[in-house]
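Under this note's numbering, the letters of the sequence shown match residues 5 to 63, in that order.
The beta carbon of each residue, even a glycine, is placed where N, CA and C say it ideally should be.
All values derive from a computational prediction rather than experimental measurement.
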Amino acid sequence: MPSRPSSNPQQFIQQAPVLQVQRVLETVHFYQDVLGFHCDYRTETYGVVWRDNAALHFT
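Next comes the structure, spelled out in structure tokens:
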């Protein structure tokens, strides 16, 4: 971390946690059907859902 502010600061707009789950497809369906998230991607081993400005990754 720099000791003083930079003249060209970088900004994080969004972060997306990666959560380890036992059943990716079931988790994606739960987030869609119960919590109202939208699915961006899903396989047996990896899934991505989003809602508003938040994304979650499951592995």
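Excluding the 5 residues flanking it on each side, His-61 has same chain C-beta neighbours closer than 8 Å at Ala-20, Pro-21, Val-22, Leu-23, Tyr-50, Gly-51 and Val-52, in chain order. Here Leu-39 is not bridged, per DSSP, to any residue. Contact between Val-25 and Arg-46 is absent: CB atoms are separated by about 12 Å, not below the 8 Å threshold. According to the DSSP assignment, Arg-55 belongs to the beta strand (DSSP E) that extends over 51 to 55. Considering only Gln-36, Thr-63 and Gly-40, the residue with the shortest C-alpha distance to Glu-48 is Thr-63.
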